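In what follows, a structure is listed as structure tokens, so that the remarks can point back to it.
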Amino acid sequence: MQCTLRQAGATLALVVLAASAARAQESTITGRVTSDAGTPLPSASVIIEGTGIGSVTREDGTYTLVVPAARANGQTASLVARLIGYRPATAPITLSGTHITHDFVLIAAPLKLGEVVVTGQGTTSTRERLGAVVNTVDSSQIRKSNESNVVEALAGKAPNVYVNQQSGEPGASSYIRVRGLKTLDGSGQPLFIVDGVPIDNTTIETNTANPGLGENAAVGGSDAPNRASDINPNDIESVTILKGAAAAAIYGARAGQGVVLITTRHATAGQTRYSLHSTASFDKVNSEYPLNTKYGQGSDNASPSCYALAAPIPDCSSSSSSWGPLLPAGTTTYNHWDELFNTGHTFDNTLSASGGNERTLFYVSLGRNAQNGVVVGPNNWYDKTTARVNASHRVIEKLKVGMDISYVDARGSFIQKGSNIDGLLLGSLRTPPEFNNQQYLDPTTGMHRSYRFPWPTLASSLDSRGYDNPFFSINQNPSNGNVSRAFGNINAVWDALDWLNIKETFGLDYYTDERLEALSLTSSSEPDGSVSQADYKNTELDQNLTATASHTFNPSFAGTLTLGQNLNSRHFRQLYVNGITLVAPQPLILNNTITWTPNDNQNLVHSESYFGQATADLWSQLYLTAALRNDGFSSFGLSSQRHWFPKASAAWVFHQTPASGGGIFSYGKLRLAYGETGTEPLPYATGQWYSVGTSFADAGWGSTLLENQNGQGGLSIGAQKAQPNLAPERTKELEAGLDYALFDQKVDGGVTFYNDRSVGVIFQAPLANSTGFFTQAQNAATLRNRGIEATLNWRPITRQTLKWDMGVQFGWNQNRVISLAGQQFVDLATIGSFTGAVATAWGDTTDHNMSDHQVGVLRGNDFARCGRGVILPDGTNLDQTYCQNAPANAMYIGPDGFPVLDPQQRVISIGNPDWTGSFRTSVTFHNVTFSALVDHKQGGQVWNGTKGALYNFGAHKDTEIRGETRVFGSTWLPGPVVGPGAGTSVVLDQNWFQGLGSGFGPVGTQFVESGTYTKLRELAVSYTFSGNWVRDLGLSSLDLRLAGRNLVTWTKYSGIDPETNLAGAQAAIQGVDYFNNPQTRSFVIDLGLNR
Amino acid sequence: MSMHTISRLAVCAVLPATLLAGCSDWLTTKNATSNPNFPTVAGTNQLITAIEVGQTAYLTGDLDRLFMMWMQQAGGSDRQYVPYANYVYDEDAFSPDWTSAYTGGGLIDMRTAEQQALTEGDSITAGIAYTLEALDIGETTTVWGDIPYSQAVSNVLQPALDPQQQVYAEVQAKLDTALTLLACTNALCVGPGAADLWANGDPTVWAPVAHTLKARYYLHTVLRDPTAAASAATQAALGIPDASHNLETYQSTNPNERNLFYQFMVLQRSGYMSAGGFLVDLLTSTHDPRLTKYFSKNSAGVYHGVPAAGGPGDYSTFAGLNTTDTSLAGAPNQRVPLVTYAENQLILAEADLRSGNPGGATAAYNAERTSQGVPTASGTVTLQQVITEKYIADFFNGFETWEDWKRTCLPAITPAPGTAGIPGRILYPLSTERNANSNIPAPNAQPALNWDTPTACAGNAG
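What follows is the structure, given as structure tokens:
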């Protein structure tokens, strides 16, 4: 403490001294930074440590620093030059008011040892000190992806970081999952932190019940962005992913699914630098859909009765299917896929300026991303305008204040999609080939016409069209979003003492999101018209205070201690009103509707946390870290509102060749880490409440009686029993790994093993209704994720004029349901499911196939097969009677030659991939660079519900075989078969495709396909112009890049794209395909001007 | 979220003491721990309203139609209602109905209303709530026999089954309590007023209803308890004095207030259920004027009900479906009778017959027939006449019609051909009870009949 007081006095004295020393002379430092190969290194930072004075090298590698006379007092300091990919170099200098020249030679260090890595909650480390895996994606990788959504830009960038885009629609959400699902309650999205402050990344689909409580995913409706896409990728300096509990425990009860730390660009002192970054992207749908082109509308080979007479029958409701007669030769047919799409385009421009002096630094940027989607017509777009200011000012020598603030205006127009009779592809792909959808208004009456309602009259102005004509839906069913958002922080860093650093960050994330989703008169689901106006408001406040003490006891023992406090408040409010029954056809606003149903809903979560972290560096080769966090959340039960989350790790650098040395084995590090993180419960599960405006249902028959009757308001107790003891879900993870480098760092890599167990996972446990309640939230399930991650990088050629490097990544994660507290399965409540394909966590103990025991599988029915104890409808035991010599899972064929239903529900589709991997390479020859990224997903099944439905309607290409004979097990559904009808030829016709062979029938397994794919994610050639003419333009450099995104997809999947994600980023289940809007490929021209 | 929150956050962060102790109420601030979107307390009036709507869904919905079909007052003419008419259903088919008895709008809210009303000193409201509980539990035990009751709606997660005999005794005790409470005359006994959708909080309606219910549930036990008939007669004598004191549901033509017969037969499941062949034929053969009040003619212009086997056809349906004439069955605004003067008189008639008072029985029967506008008995009335009249008069009350049939095997209905006959009870539901309550036996270990109806009618299940 004595020490503290003396130091504090010294600080005060320094301030006084600084103010009185104005007469001294300023000092100039110049020099040049080059590589060990002798080439100049631009963009290297050169700083005087501990002063904030610094600069960045020019294109020729030179730099200039000016130290004001007030601060050049003859003291000695360290001058450090840093550049990512090189080892930092240090030189001692004396600041004495004279001119100093110092040149640096930096030695290549591809391992990025010494590079500072943010490790969360205000703590940092260096790469060699890390005991748990932390993946970093830098700005150039983000930029190369050409993605406007930072989440999508992470695809293929880190092992076991699985990214899946909802669709290619502008503004569509992207799902990210790190090391498997660890919860049953939510979507499993990691926590997003920007510049130290958490931001909201939910995806809210309009018309979902209660987005504040996670109920946001929908299989119909229209796409919506995940809110992290509000960040301008051009503003990003780096993205750091804390993957497992061992790395993320510092974030406690919000880090159960990992943490994504985003750091935005900040300036360094020196000349003001300007940059203009422009891209133009041209987007095309990346697939075709195989549709029936031979058979016309109708049923049983007959045209629908609407067509039976010579003259059209006004307001006739026509057949929904294409089981009509063979179309006569010469019949005009329409391509119901191609006609919906054209070339979309995206223009992205970001202008930034940064610079400042040793006291004040600024980075400002203005960005505009305007995207026009591939769906024809004017209503498929998403525009994002972003502004950012990152600035800091050194108030006094030891105190720096700053702010990082961004404002975003994002607005878009979306298309109805998915399981939705007003949706784009549902109506389109079911249309018989001879019907012209493009004429969506009747030429005589001007009314909405569709293939199920071909001749509308004015009398039909309130009649459903069966399915909307897709062109009507595109043009007359608007779905708009309009976001206004500010997020950022103000911060202060006080170097209180030589050994003590105090940092305060106060963050805010505030947005309003105004949605309008309307259906015009004659829309199929609401022919009377519907207007949904939803206003969402999200506010998150975050206060983070840390104090870090560091001390070097002796050369072989140094350590740090960080203590911190975090307060956080999150408030979400929705004001939603659905109005039905339009008065006049236009405008589509609430005032013009008759019956209103409001849903005003809000929730508030407060948390208060304390944390501490200690590190010790021993003999410069053993690095120990231990941390402990105590979280209090308002959503925890009042009886146990505080919970501890520990972590500890060790990194042992057991071999490291000297900086200049080579050798076959140049680096080796062993890592071992343990950590615990949590997933917070949804708010308000701990208290009891009465439902308002509930309807009492007449069993499942659709009739309802509202509890408010005769002007009297009724209140009945809610269906969920309060759980006053609710605690966070807890994930405990052990992680071990090895990092190494070979051949003078020409090769490096790492391998990591982890095993985590999530206990107390919350689900709504069913209660005996005689208790008065349906369910009660319980911390009861146990899940496990374990996996292997490996990376390998090879730089075969590292000459200055020719460089070639490549890398592979591999991630395997195995998800297992260990226990569901006696339940056979728990359906995942937050997403919509389909009859016959219900999203669930499966833990049926009678099902001994452990690979079925996963979170995020679909349950449904299969055909009767051997080895499952099936009793056939006639009472025969299938296994005993037919399966004696049959292969496992042989399909039973009945006497009529057809398979039969196995009535027992099973897991029919596993959406989780077996493993994921990527390969990247780049070759640089002089100023030209070629680069490529290939992304692979192995396994992960997709339920092709689109195909199943189109079979039912005779609209799929496959149904053109109608009337032909096939043999089950060989020419149809190939595989081993048994039973009396095995080998029998049968005619496949409407009866089959609308019966057991229908997607609407009970057997979902026949539409489950492998979702394995390989994608050429990124391919680019870039050229850096640096001739004199560039300088004559007043520029320091000019980059031109031609690139492609998702150019090729290699897959056997027969639907639109195995990457499709119907319910968007808020759905825990992947691999559900049901008339989702398609994915796209893009061609990109990218121009960068720097000054 | 507001400046208030920001300033609180600033205070919680900046005050040095909070580094140790925190802001004492930061985690327990009201909107963060209790749901701001819903009330956490409910007044007795709001509870009474919701209970009556919930019980309307329970007593005039799914199960009611099922029993009316089994009793051939109605018939299953399409989709799932054809197998239902043939007594084909699985153990989960009636899970939602079980739910109505116990959860929100059922027993749990009744208990809250009772306790709150007693605390507030409003005995009238408490008496109504006790009567509602007796009706709910009385009908639930009528259907399922042994049911969770003494441990239901408590903190016991797996309530035990109470024997039906005990449940009936408890129901009688509840009604006794209700009658005591309903007699209250002090100033705190304001009653629920209009919040009581069924009877406007009028104790002169509820007290006779409680007596009639006592008579009803005594009569349920006559095959087991030799004194029950006399008790039933005593209570019925104090029961509903005339049709203007009937207990009826609240309905109107407003979209969420239309009765469930109308909603099912017109809005949701048109064609699933039609007129029952047995009742149509009975009313036709006796030239009973209630035929035209209950049923409409089919498209061929005749009255034609669904046969026992069910299935599609050109059948009569309910008379009022396309009208707003509340005297016709199934009109959307028709209030559905739950406990009536007619039932009370016919309970009295049966009780008198069973207690050796045929004169009293005949008088009660004739009074009921007169009130219905149909001819009186020519001599001393028989049990068959009494139950047959009750079968007609209790048209909307499938629960009681089924119970009367199980006790008396009257009227003599022929079950659907090729079946094991009309069930004597239904299975405990799987998903809403058995799945989470180990006290519930598996389907094959459940009894075929309830305690109060120990013998199956000839040719029927049991």
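Sequence order for the protein chains is X and B.
When you line the first sequence up against the numbering used here, it's residues 23 to 1113, in that order.
When you line the second sequence up against the numbering used here, it's residues 240 to 701, in that order.
Glycine included, C-beta positions come from ideal geometry on N, C-alpha and C.
Since the structure is predicted, the reported quantities are computational estimates derived from the model, not experimental observations.
Proximal residues to residue i (C-beta, below 6 angstroms), its chain only, five neighbours per side dropped
i, result
"Pro818 of chain X", "Trp826"
"Pro334 of chain X", "Trp477"
"Val219 of chain X", "Asn511, Gly529, Asp564"
"Thr1082 of chain X", "Asp1095, Asn1098"
"Lys422 of chain X", "Ser414, Arg416, Val515"
"Ala548 of chain B", "Ala655, Pro656"
Contacts of residue i in chain X (Cβ-Cβ under 8 angstroms)
i, result
"Val392 of chain B", "Ser792, Thr793, Gly794"
"Ser273 of chain B", "Tyr706, Gly709, Trp711"
"Arg508 of chain B", "Trp723, Gly724"
Partners in chain X for residue i, counting only beta-carbon separations shorter than 7 angstroms
i, result
"Thr424 of chain B", "Those do not exist, as Thr424 of chain B stays about 25 angstroms from chain X at its closest Cβ, beyond 7 angstroms."
"Asn270 of chain B", "Leu626"
"Pro387 of chain B", "Ser792"
CA-to-CA distance, residue j to residue i, given in whole angstroms
i, j, result
"Ser486 of chain X", "Gly724 of chain X", "19 angstroms"
"Gly878 of chain X", "Gly735 of chain X", "40 angstroms"
"Ser662 of chain X", "Ala508 of chain X", "35 angstroms"
"Gly1110 of chain X", "Ala580 of chain X", "44 angstroms"
"Asn498 of chain B", "Asn364 of chain X", "52 angstroms"
"Arg433 of chain X", "Phe1105 of chain X", "24 angstroms"
"Asn284 of chain B", "Leu420 of chain B", "17 angstroms"
"Ala324 of chain B", "Ile661 of chain B", "9 angstroms"
"Thr1036 of chain X", "Gly939 of chain X", "9 angstroms"
"Pro693 of chain B", "Thr380 of chain B", "14 angstroms"
Cβ shell of residue i (< 7 angstroms), same chain only, five flanking positions each side left out
i, result
"Arg593 of chain B", "Val461, Ala468"
"Trp965 of chain X", "Ala859, Leu880, Ser931, Gly1026, Phe1029, Val1030, Gly1093, Val1094, Asp1095"
"Thr453 of chain X", "His358, Asn459, Tyr473"
Per-residue contacts from residue i into chain B (C-beta, under 7 angstroms)
i, result
"Gln731 of chain X", "Thr288, Val292, Leu436, Tyr489, Glu496"
"Ile739 of chain X", "Gly343, Ile347, Asp348"
Proximal chain X residues relative to residue i, where beta-carbon distance stays under 9 angstroms
i, result
"Gly300 of chain B", "Phe718, Ala719, Asp720, Ala721, Trp723, Ser725, Leu727"
"Thr279 of chain B", "Gly709, Gln710, Trp711, Tyr712"
"Phe503 of chain B", "Asp720, Trp723, Gly724, Ser725"
Neighbourhood of residue i by C-beta distance below 8 angstroms, restricted to the same chain and skipping five residues each side
i, result
"Ala433 of chain B", "Asn439, Gly440"
"Lys316 of chain X", "Leu348, Leu349, Pro455, Glu982"
"Val578 of chain B", "Leu374, Val448, Thr451, Leu452, Arg455, Ile479, Asn485, Leu486"
Amino acids of chain B, ordered along the chain, whose beta-carbon sits closer than 8 angstroms to that of residue i
i, result
"Leu789 of chain X", "Leu396, Ala675"
"Gly735 of chain X", "Gln285, Thr288"
Within chain B, the residues that residue i reaches when beta carbons sit closer than 9 angstroms
i, result
"Gln992 of chain X", "Reading the sequence as shown, one finds Ser at residue 992 of chain X and not Gln. Here the premise fails: no neighbours, minimum Cβ distance about 37 angstroms."
request  = Let me know the beta strand (DSSP E) ranges lying completely inside the region 166-229 of chain X, each 3 residues or longer, listed in chain order.
outcome  = 183-187, 196-200, 213-216, 219-221
message = Quick check on the DSSP output: what are the complete beta strand (DSSP E) runs of length 3 or more inside the region 473-534 of chain X, in order along the chain?
response = 501-519
key: Length-filtered (3 minimum) beta strand (DSSP E) runs lying within the region 544-607 of chain X   = 552-576, 579-604
ask   = Can you list the beta strand (DSSP E) stretches of 3 or more residues lying completely in the region 295-371 of chain B, in chain order?
value = 313-315
ask   = Using Cβ-Cβ distances below 9 angstroms, what residues of the region 329-352 of chain B are close to chain X?
value = Ala332, Phe333, Ser334, Pro335, Asp336, Trp337, Thr338, Ser339, Ala340, Tyr341, Thr342, Gly343, Gly344, Gly345, Leu346, Ile347, Asp348, Arg350, Thr351
key: the region 626-655 of chain B: positions lying closer than 7 angstroms to chain X by Cβ   = none
inquiry  = Quick check on the DSSP output: what are the complete beta strand (DSSP E) runs of length 3 or more inside the region 380-465 of chain X, in order along the chain?
reply    = 382-394, 403-418, 421-435
inquiry  = Output needed in chain order: residues of the region 575-607 of chain X with a Cβ under 7 angstroms from some Cβ in chain B.
reply    = Gln587, Leu589, Ser591, His593
Contact residues within the region 642-666 of chain X, judged by C-beta distance below 9 angstroms to chain B = Gly654, Phe655, Ser656, Ser657, Phe658, Leu660, Gln663, Arg664
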